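My numbering applies: residue 11 is where the sequence shown begins, and numbers increase by one.
Even for Gly, the Cβ is constructed at its ideal location relative to N, Cα and C.
If you're wondering where the values come from, they're calculated on a predicted model, not measured in any experiment.
The block underneath contains the structure these notes are about, expressed in structure tokens.
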Amino acid sequence: MRAAARETAFSPFPLGSLGTGTGSRPPARPVTIGFHSKTLGGDAPRGGSSVTGMRTPRLLVTLPALALSALLLGGCAAAATNESASDSGGMPGFEEGVGAPIVDESTGDLDSQPDGGDRAVITTGYLYVTVEAPLEAAAEAVEIVEAAGGRVDGRQEFAPRESSVLSDAGGAELVLRIPAERLTATLEKLKELGEVEELQLSSSDVTREVQDIDARVTALRSSITRLLALQDAAATVEDLIALETAISDRQAQLESYEAQQRYYAEQVGLSTVTLVLGSTEVAPVDEPDTFLSGLVTGWEALVGFGSGLLVVVGVLLPWVLVLGLLGLAVLLIVRAAVRRRATPAVSAPSGVDDAD
11 MRAAARETAF SPFPLGSLGT GTGSRPPARP VTIGFHSKTL GGDAPRGGSS VTGMRTPRLL
71 VTLPALALSA LLLGGCAAAA TNESASDSGG MPGFEEGVGA PIVDESTGDL DSQPDGGDRA
131 VITTGYLYVT VEAPLEAAAE AVEIVEAAGG RVDGRQEFAP RESSVLSDAG GAELVLRIPA
191 ERLTATLEKL KELGEVEELQ LSSSDVTREV QDIDARVTAL RSSITRLLAL QDAAATVEDL
251 IALETAISDR QAQLESYEAQ QRYYAEQVGL STVTLVLGST EVAPVDEPDT FLSGLVTGWE
311 ALVGFGSGLL VVVGVLLPWV LVLGLLGLAV LLIVRAAVRR RATPAVSAPS GVDDAD
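Below is the structure:
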């Protein structure tokens, strides 16, 4: 006898499986399954055989649904991986080489670098010495500096001046570059050239600037090395052009910092001292010993006296004019007053005679 068909509804996602968690999917549409069961003894009872027949179709439908869900999840993950790979341009590390900061990992933050034991100090000075023969003393100063390992960057000499009033032996000005470790000893030798009138020394600490430039040079060299390695592995023309541009920029920065590095190294290693050699102006002491020299001396004295006299006259002339005008005005006023007094005294006796 054919058993009565029973209809059973179920969900392919049982409670507690894929339906829970983040981004849970909505429950699947109920599926109706019909099946027939045959027994030897006629209709099967409501328990027993009917329950066994329902478990088999439920398992057959649940397994394909789970497999389909796994395939969908795997496809989404693969798509996300492909998108991430396409964004990097197919060259791992290229973006890191081009866009990363130039500070290398080995150097760390520039501001956090500890100060070294050696300080970078730039020393400059000014020395004025009075000597009897400045030109000869200048040549001797050059020898002293060159013996100490320095050099002369500038030199000016002034010829001696002679006149009837004052004369000097000339002068000289030198810009000396002296090794910093021999500066004190060299200055002591330069002081012995004559009488020291003035000495000034000033120092400027550039340790921080030197450390900053050294760190940048090291970081740029490491960055250029990494970019050259990436250039060898470039697969497309676009990547090659981008790498060449980045390398050119790094090399330009490196050359600029290396120039500053050389400048600071020279300024710190060689101190700059400006040496001025002068002479004291003195009056001439030569006395005439012949008639001609006596005549010349007398004439120069007369000319000097005349020149001085003219200067005095020029100074006094405005005062003489002003005082003369004032004196003339006073004189005129006094004479007028005297005439007024003298006129009544003369006319009085004639009046008396008329009355008599």
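Query: Any heavy atom of the ligand HEM closer than 8 Å to the CB of Ile132?; Result: Here there are no bound small molecules, and the ligand HEM is not part of this structure.
Query: Please say whether Val278 and Ile132 have beta carbons closer to each other than 9 Å?; Result: yes
Query: Between which two residues does the beta strand (DSSP E) holding Thr134 run?; Result: 131–140
Query: How far does the alpha helix (DSSP H) with Thr217 in it extend, from its first residue to its last?; Result: 217–242
Query: Give the straight-line distance between the Cα atoms of Lys201 and Arg187, rounded to the nearest whole angstrom.; Result: 16 Å
Query: DSSP three-state label for Gly324, please.; Result: helix
Query: With 16 other CB atoms within 10 Å as the buried threshold, where does Ser346 fall?; Result: Strictly speaking, residue 346 in this sequence is Ala, with Ser absent from that position. Under this definition Ala346 is an exposed residue.
Query: What first and last residue would you give for the alpha helix (DSSP H) that runs through Pro144?; Result: 144–157
Query: Per the contact definition of three or more C-beta pairs closer than 8 Å, is the stretch 243–263 in contact with the stretch 157–170?; Result: no
Query: With DSSP collapsed to three states, give me the class of Gly100.; Result: The predicted model places Gly100 with a pLDDT of 40, which falls under 50 and marks its position as unreliable, so this point remains unresolved.
Query: Quick check on the burial criterion: 16 or more other C-beta atoms within 10 angstroms. Buried or exposed for Tyr267?; Result: buried
Query: Any idea what DSSP makes of Gly160, helix, strand or coil?; Result: coil
Query: With distances taken between CB atoms, is the gap from Leu209 to Leu197 smaller than 9 Å?; Result: yes
Query: What number of angstroms, rounded off, separates the C-alpha of Glu146 from the C-alpha of Ala157?; Result: 17 Å
Query: In the DSSP output, which residue or residues are listed as bridge partners for Ile188?; Result: Ser281
Query: Determine the direct distance from the alpha carbon of Pro189 to that of Glu183, and round the result to whole angstroms.; Result: 19 Å
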